[in-house]
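Report on the following structure.
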Amino acid sequence: MSVKKMTTPLTEDVIASLKAGDRIEISGVLYTARDAAHKRLVQMIKDGDKLPFDLRGQVIYFVGPTPARPGMPIGSAGPTTSGRMDPYSPYLIEHGLKGMIGKGGRGKEVIEAMHKHKCVYFAAIGGVAALLSKRIKKAEIIAFDDLGTEAVRRIEVEDFPVIVINDVHGGDLYKEGMSKYSIS
Amino acid sequence: MRRVHFNDIVDKVREMCMDANFNLSADVTAAYEKAIDTEKSPLGQEVLRQIMQNSEIAAKESMPLCQDTGLAVFFIEFGQDVSIAGGLLSDAVNEGVRQGYSKGYLRKSVVEEPVFNRRNTTDNTPAIIHTEIVAGENISIKLDIAGGGCENMASLKMLRPADGIEGVKQFVVDSVRNAGANPCPPVVVGVGIGGDFEKAAMIAKKALLRPVGQPNARMDVASLEQELLKKINQIGIGPVGLGGNTTALAVHVEVHPCHIASLPVAVNIGCHSSRHKSIVI
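So the sequences go chain by chain: A and B. Residue numbers 566 to 749, in my numbering, belong to the letters of the first sequence in order. Residue numbers 5 to 285, in my numbering, belong to the letters of the second sequence in order.
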């Protein structure tokens with residue numbers, strides 16, 4: 566199985582070329598945000614406030630890492646369940662977000678927003694958090710410091726392994742994978 | 005009456021919290037070795053290999069297996085001929101959790117109340133503590149690390165007695181199907197049948213503490229476990245939901261007497277990093 570390389574921010578051409586099931590290694594900058602940070606980001610959009618980072622072309626990684634040991638950029642850092650971000654993601658997608666990394670299926674409204682505004686949903690392998698943290702080279706908190714693990718971090722990754730779950734062409738790897746091996 | 009000092013419990017609980025988060029138990033590793041041979045999906049096989057690799061890194065570097073280092077859930081059997089010198093059992097357990105989560109650089113994932121402010125308690129306490137008074141002078145402490153991803157997939161249903169064993173099977177299989185990729189399969193499925201509303205849930209969680217794949221001592225229950233495991237692995241969800249025939253490593257069922265009008269069934273799902281440890285003081 567071949568692995569494609571990709572750098573952030575994402576362009577429309579790259580997004581159009583991705584298909585459900587593609588294995589990708591991402592290098593560049595990702596932003597971390599999970600439940601509490603999403604709630605604040607969406608409130609800021611609704612209030613017309615300036616966001617802590619420009620969403621356009623960016624990829625958000627749904628993660629709440631463990632504390633970094635001294636001398637390490639970050640602790641264990643695997644994906645959290647994406648479905649909890651479903652109430653918020655359409656707002657961010659509408660404002661230019663081009664990719665999300667998490668685990669687990671997405672709701673209908675998120676998938677519709679992804680298709681309409683050209684955004685891709687990737688999964689990282691859930692629970693292999695020690696392994697994934699090795700691909701994170703730098704991390705700094707850029708917003709919502711008070712949220713601790715849920716703060717927004719700007720992280721720099723090298724060859725961070727993900728799999729395309731929902732592409733912009735209607736592909737859905739979770740559904741396809743399950744039906745391929747289902748015998749019930 | 006045997007005396008155990010408060011600080012002994014604190015020390016043991018602290019070490020347990022770190023051990024559970026850094027070291028996959030041997031029963032779980034053995035289940036993976038078996039699953040790699042039987043998984044049909046090449047991608048699924050690779051995921052299983054990555055899970056094993058992750059556990060090697062975690063153990064070697066004392067790094068948490070998962071970033072979600074969980075809510076610490078304790079099942080404590082407290083001998084009625086033992087007493088604690090220097091404080092309360094629950095205080096000792098919480099102090100151990102506080103120290104373990106700080107010393108181990110583990111994530112603090114507990115908020116002090118659920119809906120109004122959700123402020124983090126910053127030390128992962130309070131733990132959930134279930135105690136049972138038993139005969140003897142030992143304190144047996146079992147710890148289950150419950151991550152949010154799989155815990156959120158738990159479900160409970162009060163079936164009618166007429167729904168019977170078929171109703172139970174249907175509910176368990178549907179619960180795993182609905183959970184899909186969310187709980188990080190391959191999972192261990194804990195099932196509690198009988199008791200009442202809260203007893204069913206408690207025994208479903210307790211079932212997750214059994215060594216992975218160890219059958220229930222009752223033959224009829226053990227055979228139900230095997231049947232459910234087969235049905236679940238036919239759904240096709242596979243390792244981390246990418247498709248395959250290893251959706252669950254094991255199904256553990258516990259049963260309990262119940263009211264003539266009732267048939268409660270609870271399903272509690274444990275993720276692929278099945279983190280459980282037990283000690284006896």
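Beta carbons: idealized from backbone N, C-alpha and C, even for Gly.
* **Alpha carbon of residue 202/B to alpha carbon of residue 260/B, nearest angstrom** => 12 Å
Under 7 Å between C-beta atoms, does residue 693/A make it to chain B?
yes
Would you say residue 748/A reaches chain B, if we count a Cβ-Cβ gap shorter than 7 Å as a contact?
yes
Query raised in the report: Roughly how many angstroms separate the alpha carbons of residue 9/B and residue 91/B, rounded to a whole number?
Result: 8 Å
ask   = So what does DSSP say about residue 109/B, is it helix, strand or coil?
value = coil
Per DSSP, the bridge partner or partners of residue 626/A
DSSP lists 597/A and 666/A as partners of residue 626/A.
Next on the checklist: By DSSP's criteria, residue 686/A is part of a beta bridge. Which residues make up the other side?
Outcome noted: 665/A and 731/A
Next on the checklist: When you compare the CB of residue 679/A with every CB in chain B, is at least one pair closer than 7 Å?
Outcome noted: no
Worksheet entry | Bridge partner(s) assigned by DSSP for residue 572/A | 592/A
May I have the straight-line CA-CA distance separating residue 130/B from residue 117/B, to the nearest angstrom? 11 Å
If you measure beta-carbon to beta-carbon, which residues of the segment 242-266 of chain B are closer than 7 Å to chain A?
242, 244, 245, 246, 247, 248 and 249
Open item on the list: If you reduce the DSSP assignment to three classes, tell me which class residue 716/A lands in.
Closed with: Residue state, collapsed to three classes: coil.
Q.
Using beta carbons (cut-off 7 Å, strictly below), is residue 239/B in contact with chain A?
A. yes
Nearest to residue 69/B (by Cα), restricted to the options 262/B, 231/B, 60/B and 160/B:
60/B
For residue 581/A, decide whether its Cβ has a neighbour in chain B, counting only Cβ atoms nearer than 7 Å.
no
On the DSSP letters alone, give me the boundaries of the alpha helix (DSSP H) that residue 148/B sits inside. First-last for residue 148/B: 143-150, but that is the beta strand (DSSP E), not the alpha helix (DSSP H).
Per DSSP, what kind of secondary structure is residue 725/A in: helix, strand or coil? strand
task: Could you check which residue in 572/A, 576/A and 568/A has the C-alpha nearest to that of residue 663/A?
output: Among 572/A, 576/A and 568/A, the Cα nearest to that of residue 663/A is on 576/A.
Between the segment 733-746 of chain A and chain B, which residues of the former have CB atoms less than 8 Å from a CB of the latter, in chain order? With the criterion set as a beta carbon lying under 8 Å from some beta carbon of chain B, the members of the segment 733-746 of chain A are 738, 739, 741, 742, 743, 744, 745 and 746, in sequence order.
Which listed residue (262/B, 211/B and 19/B) has its alpha carbon closest to that of residue 99/B:
19/B
Who are the Cβ neighbours of residue 142/B in its own chain at under 6 Å, not counting the five residues just before and after it? 83 and 284
**Asked** When you compare only the Cα positions, how much space is there between residue 125/B and residue 41/B?
**Response** 43 Å
What residues in its chain sit with their C-beta under 7 Å from that of residue 237/B, if we drop five residues either side in the sequence? 249, 250, 251 and 252
Minimum Cβ-Cβ distance from residue 690/A to chain B less than 7 Å: Interface flag for residue 690/A against chain B is set, since a Cβ pair is found closer than 7 Å.
Counting Cβ pairs closer than 8 Å, one from the segment 662-682 of chain A and one from the segment 24-35 of chain B, do we hit at least three?
no
Supposed contact pair residue 676/A and residue 731/A - C-beta distance, whole angstroms, cut 8 Å: 6 Å
| query | Does the distance from the C-beta atom of residue 598/A to that of residue 717/A stay below 7 Å? | reply | yes
| query | Are at least three pairs of beta-carbons, each pair with one atom in the segment 648-664 of chain A and one in the segment 15-30 of chain B, less than 8 Å apart? | reply | no
Notebook entry, point to check: For residue 580/A, does the three-state DSSP call read helix, strand or coil?
Noted result: helix
Does chain A have any CB closer than 7 Å to the CB of residue 61/B?
Answer yes: the Cβ-Cβ gap between residue 61/B and chain A drops below 7 Å somewhere.
query: Among the residues of its own chain, which have a CB less than 7 Å from the CB of residue 739/A, if the five just before and after it don't count?
result: Around residue 739/A: 670 and 730.
- Neighbourhood of residue 185/B by C-beta distance below 8 Å, restricted to the same chain and skipping five residues each side: 241, 244, 245 and 246
ask   = Tell me the DSSP bridge mates of residue 186/B?
value = In DSSP, residue 186/B forms no bridge with anything.
Q) Where does residue 705/A fall in DSSP's three states? A) strand
- Message: Does the CB of residue 641/A have a neighbour CB from chain B at under 7 Å?
- Response: yes
Legend entry - Residues near residue 135/B in its chain [Cβ-Cβ closer than 6 Å; skip 5 each side]: Around residue 135/B: 80 and 82.
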